[in-house]
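> For the first sequence, the positions run 29 to 521 when our numbering is used.
Heads up, the beta-carbon is just placed ideally off N, CA and C, and yes, glycines get one too.
Take a look at this one; I'll ask things after.
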Amino acid sequence: MATQGVTPRGATPRGVTPRSEDYSRWYTDVVQQAELADYAPVRGCMIIRPYGYELWDSIKIALDRRLKATGHRNAYFPLFIPMSFIEKEAEHVEGFKPELAIVTHGGGSELEEPLVVRPTSETLFGEAYARWIQSYRDLPMLINQWANVVRWEMRPRLFLRTTEFLWQEGHTAHATREEAVEETLKILDIYAEVSEKVCAVPVIKGRKSPQEKFAGADDTYTIESMMGNKWALQGATSHFLGQNFAKAFNIQFLDEKNELQLVWTTSWGMTTRTVGAVVMTHGDDKGLRLPPAIAPIQVVIVPIWKTDEEKVSVFAFADEVKTQLNAAEIRVELDAREGLSPGFRFNDWEMRGVPVRLEIGPRDVAARSVIACRRDVAGKEAKMSMTVEGLAPRILALLDEIQVSMLKCATEFRDAHLCKASNLAELADIVEDGWALIYHCGTRECEDKIKEETKASSRCYPLDKNESWSPKGKVCAVCGKPAFGKAYFARAY
RNA sequence: CGGAGAGUGGCGCAGUCUGGUUAGCGCGCAGCGUUCGGGACGCUGAGGCCGCCGGUUCGAAUCCGGCCUCUCCGACCA
29 MATQGVTPRG ATPRGVTPRS EDYSRWYTDV VQQAELADYA PVRGCMIIRP
79 YGYELWDSIK IALDRRLKAT GHRNAYFPLF IPMSFIEKEA EHVEGFKPEL
129 AIVTHGGGSE LEEPLVVRPT SETLFGEAYA RWIQSYRDLP MLINQWANVV
179 RWEMRPRLFL RTTEFLWQEG HTAHATREEA VEETLKILDI YAEVSEKVCA
229 VPVIKGRKSP QEKFAGADDT YTIESMMGNK WALQGATSHF LGQNFAKAFN
279 IQFLDEKNEL QLVWTTSWGM TTRTVGAVVM THGDDKGLRL PPAIAPIQVV
329 IVPIWKTDEE KVSVFAFADE VKTQLNAAEI RVELDAREGL SPGFRFNDWE
379 MRGVPVRLEI GPRDVAARSV IACRRDVAGK EAKMSMTVEG LAPRILALLD
429 EIQVSMLKCA TEFRDAHLCK ASNLAELADI VEDGWALIYH CGTRECEDKI
479 KEETKASSRC YPLDKNESWS PKGKVCAVCG KPAFGKAYFA RAY
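Have a look at this one:
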């Protein structure tokens, strides 16, 4: 690679900043050079470019299908929320007030009541549910919406934290506490499945500490992933809201015994941040690496020729290959650009993370074969020759193999950086290059202390059933108070 | 909001200290030609009121004052 080492003075570097040199620079380089997103005129806002949006679309389709399969229906609630709605739930307003965008003027005059640009829609759903839910027969109410929300964040980063972002937010109401908790965990499982099976991003499912939970929730469940620099990223959250919003919005129903009851609600969301998670879980110094399940282009054909005659035969053969793969519903693209050397085009597609590249030159035409090169492995092992007869099934198998292999690699990487700690010094050491699992008291003071000394925050109390996590008789590894549970601590985005 | 940098063709930078005629360079872009199995090359060309406002001066990208914006590092967060 010509990009290694010192860039000649005055020359623009080709490729991205190496991860080892500056991880966050590497991240922004990849996002921009792979044309996933670009900065927008307003601070903290980004333009999601077609390639990035297609990636999000794939994730969205996978998640939407699963939500519908579990009985959820899509709807659309408005962008504006009356200020007074936000103020109805004490903890909720406390949590969101600092990051609200508020509209004070409309139609040329000052509004009587300011309108909040939704940071999340619990309050709007609450108001509607109070009107829509009358009887136990109306329950459960399972509605999801795909929308944009706005949170005035201090420190934006492309995809990971932008002022405006896209997500889905599910809002459900149930007759009993048990049903609502069950829903909360069911959704968490769906998020974990989409993350792992679709995005090949391994997760640890867990519960948030009281400090880290959603403003207005009784319990927040999360999926946490380890990025390439070993920092943690919260991938999605599922909240058990208890009866907090039911009380605030008076969402009541008559049960079978004709008694008035408050509903139990949940809310949950997965965002465009997931795109950032994919970049940081799989990317390398050559750019993006995309799991086949969400790759907008799964296979790219790069034709190679010298003479006009070769060009004709190579393109005819490439078209034949493309047609075959298309028929098998493989997302395939033919790189018909002229005037760019093969090497340049190889690097270009590698930057974009296309899982499989097929090289087709005169030699391949003669042998009726192609050179297939997988993006997820380095070196000579990446390349293999395949005959064109029966190519599609073999490519499909290869794509499956890549999908599985990427999850496996990411999981192994993560597991190699998980470590137990028994005191603050050990924890501090571990979080320099991984996640530390400790018995923890769950108190704010203790979390703050850890944060101050190590920059690591409480990620979650893992739900791992295989691990005996009972805190009975255990004490906090940091402060010595009785343990609340086992928690992961890590540097986080 | 605290700390640090930076604003000069699309991108990355030089020039600013020590004001002086047509503001340079690399990449990219356009045209033509030669190339083409791991980031090709030549020639020709297009593109800039030097972030904004004001001041000093015969003369400001350059000096002075004010303002704005962006990026990075912290606190906040999906």
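Across which residues does DSSP place Pro490 in a beta bridge pair?
Indexing the first sequence from 1 puts residue 490 at position 462. Pro490 pairs with Gly234.
> Looking at Met379: is its Cβ nearer than 9 Å to the Cβ of Tyr55?
Against the first sequence, residue 379 aligns to sequence position 351. Against the first sequence, residue 55 aligns to sequence position 27. No, the pair does not count as a contact, with Cβ atoms beyond the cut-off.
> Helix, strand or coil, according to DSSP, for Thr415 in the structure here?
For the purposes of this step, residue 415 is taken as the residue at position 387 of the first sequence. If DSSP states are grouped into helix, strand and coil, Thr415 belongs with the strands.
> How far does the beta strand (DSSP E) with Ser397 in it reach, from first residue to last?
Position 369 of the first sequence holds residue 397. Where Ser397 is concerned, the enclosing beta strand (DSSP E) stretches over Ser397 to Arg402.
> Relative to the alpha-carbon of Pro46, which residue among Ser237, Gly315 and Glu240 has its alpha-carbon at the smallest distance?
Locating residue 46 in the first sequence gives position 18, where the first residue counts as 1. That would be Gly315, whose Cα lies nearest to the Cα of Pro46.
> Residue range of the alpha helix (DSSP H) that Trp54 falls in?
Sequence index remark: in the first sequence, residue 54 carries index 26 (1-based). It spans Tyr51 to Gln61 - the alpha helix (DSSP H) in which Trp54 sits, taken as one unbroken run.
> Do Arg101 and Leu526 come within 9 Å of each other at the CB atom, strictly closer than that value?
In the structure as shown, the chain starts at 29 and stops at 521, and residue 526 therefore has no counterpart that could be examined.
> Give me the Cα-Cα distance between Phe512 and His468, rounded to the nearest whole angstrom.
By one-based count along the first sequence, residue 512 stands at place 484. By one-based count along the first sequence, residue 468 stands at place 440. So the alpha carbons of these two residues sit roughly 6 Å apart.
> Within a Cβ cutoff of 8 Å, which residues of the same chain sit near Val416, ignoring the five residues on either side of it in sequence?
In the first sequence, residue 416 corresponds to position 388, counting from 1. Around Val416: Phe345, Glu348, Val349, Gln352, Arg396, Ser397 and Val398.
> Which class does Thr98 belong to by DSSP, given the choice of helix, strand or coil?
Residue numbering aside, residue 98 sits at position 70 when the first sequence is read from its first letter. It is coil, neither helix nor strand.
> Quick check on DSSP: helix, strand or coil for Ala260?
For the purposes of this step, residue 260 is taken as the residue at position 232 of the first sequence. Ala260: strand per DSSP, three-state reduction.
> Taking DSSP as the reference, what is the three-state secondary structure of Gln280?
The residue you call residue 280 lines up with position 252 of the first sequence. Note: Gln280 maps to strand in three-state DSSP.
> Taking Cβ positions, are Val393 and Ser341 nearer each other than 9 Å?
Residue 393 sits at position 365 when you count from the first residue of the first sequence. Residue 341 sits at position 313 when you count from the first residue of the first sequence. Yes. Within cutoff.
> Could you pull the start and end residues of the alpha helix (DSSP H) that Ala65 belongs to?
Position 37 of the first sequence holds residue 65. Ala65 -> not in any alpha helix (DSSP H); beta strand (DSSP E) instead, spanning Ala65 to Tyr67.
> How would you call Thr104, buried or exposed, if buried means at least 16 neighbouring beta carbons within 10 angstroms?
The residue given as residue 104 occupies position 76 in the first sequence. Here the sequence assigns Tyr to residue 104, which means Thr is not the residue at that position. By the neighbour-count rule (16 or more Cβ atoms within 10 Å), Tyr104 is not buried but exposed.
> Checking the sheet assignment: what are the DSSP bridge partners for Ile251?
For the purposes of this step, residue 251 is identified with residue 223 of the first sequence, where counting begins at 1. Answer by DSSP bridge pairing, in chain order: Lys233 and Ala264.
> Give the DSSP-derived three-state secondary structure of Ala438 in the structure shown.
For the purposes of this step, residue 438 is taken as the residue at position 410 of the first sequence. Reduced to three states, the DSSP call for Ala438 is helix.
> Please state whether DSSP places Phe499 in a helix, a strand or coil.
For this step, residue 499 is matched to residue 471 along the first sequence. In the sequence on display, residue 499 carries Pro and not Phe. In the structure shown, Pro499 sits in coil (DSSP, three-state: anything other than H, G, I, E or B).
> What first and last residue would you give for the alpha helix (DSSP H) that runs through Asn354?
Looking up residue 354 in the first sequence gives position 326. Taken as a continuous stretch (DSSP letters only), the alpha helix (DSSP H) holding Asn354 covers Asp336 to Ala355.
> Taking Cβ to Cβ, would you say Arg391 is nearer than 9 Å to Val330?
The sequence position of residue 391 within the first sequence is 363, counting from 1. The sequence position of residue 330 within the first sequence is 302, counting from 1. It is not a contact, given that the beta carbons lie outside the stated cut-off.
> List in chain order: all unbroken beta strand (DSSP E) runs of 3+ residues lying wholly within the region 131-201.
Runs of the beta strand (DSSP E) inside the region 131-201: 137-145 and 169-178.
> Residues in its own chain within less than 6 Å of Lys448 by CB, not counting five upstream and five downstream?
Here residue 448 corresponds to residue number 420 of the first sequence, with the count starting at 1. Excluding sequence neighbours, Lys448 sits near Leu465.
> Closer than 8 Å by C-beta to Cys507: which residues in its own chain qualify, once you throw out the five before and the five after it? Chain order, please.
In the first sequence, residue 507 corresponds to position 479, counting from 1. Hits under 8 Å: Cys469, Thr471, Glu473, Cys474 and Lys477.
> Taking contact to mean 3 or more Cβ pairs, one atom from each stretch, closer than 8 Å, check whether the region 215-231 and the region 173-188 are in contact.
These segments do not touch.
> Taking DSSP as the reference, what is the three-state secondary structure of Lys116?
As a first step, residue 116 is located in the first sequence; it is residue number 88 there, counting from the start. Here Lys116 sits in coil by DSSP.
> Check whether the Cβ atoms of Gln452 and Ala520 lie closer than 9 Å to each other.
Your numbering for residue 452 matches position 424 in the first sequence. Your numbering for residue 520 matches position 492 in the first sequence. At residue 452 the sequence reads Leu, which differs from the Gln that was named. No; because the gap between Cβ atoms is not below 9 Å, this pair is not in contact.
> How many angstroms separate the CA atom of Val226 from the CA atom of Ala158?
Position 198 of the first sequence, counting from 1, holds the residue named residue 226. Position 130 of the first sequence, counting from 1, holds the residue named residue 158. Approximately 36 Å, taken between the alpha carbons.
> What is the DSSP secondary structure of Thr204, counted as helix, strand or coil?
Working through the first sequence from its first residue, we reach residue 204 at position 176. Three-state DSSP puts Thr204 in coil, outside helix and strand.
> In its own chain, which residues sit with a C-beta less than 6 Å from the C-beta of Lys258, not counting the 5 before and 5 after it?
On the first sequence, position 230 is the one that residue 258 refers to. Excluding sequence neighbours, Lys258 sits near His445, Asp461 and Gly462.
> Could you give the distance in angstroms between the alpha-carbon of Met412 and the alpha-carbon of Val59?
Mapped onto the first sequence, residue 412 falls at position 384. Mapped onto the first sequence, residue 59 falls at position 31. Whole-angstrom Cα-Cα distance: 29 Å.
> Let me check one thing: in DSSP terms, what residues is Ser485 bridge-paired to?
Numbered from its first residue, the first sequence carries residue 485 at position 457. In the DSSP output, where bridge partners are listed per residue, Ser485 has Ala518.
> Among Pro110, Ser48, Ala264 and Glu252, whose alpha-carbon lies nearest the alpha-carbon of Arg487?
In the first sequence, the residue the question calls residue 487 occupies position 459. For Arg487, the nearest C-alpha among the options comes from Glu252.
> Start and end of the alpha helix (DSSP H) containing Thr309?
Locating residue 309 in the first sequence gives position 281, counting from the first residue. It spans Arg301 to His310 - the alpha helix (DSSP H) in which Thr309 sits, taken as one unbroken run.
> Cutting at 8 Å between CB atoms, please list the residues of its own chain near Gln280, excluding the five before and the five after it.
The residue given as residue 280 occupies position 252 in the first sequence. Contacts found: Ala158, Ile161, Ala274, Leu288, Gln289, Leu290 and Val291.
> Going by DSSP, what residue range makes up the alpha helix (DSSP H) through Ile458?
Stepping through the first sequence from its first residue, residue 458 is reached at position 430. Element bounds for Ile458: Leu452 to Ile458.
> Any idea what DSSP makes of Trp333, helix, strand or coil?
Position 305 of the first sequence, counting from 1, holds the residue named residue 333. Trp333 falls in the coil class under three-state DSSP.
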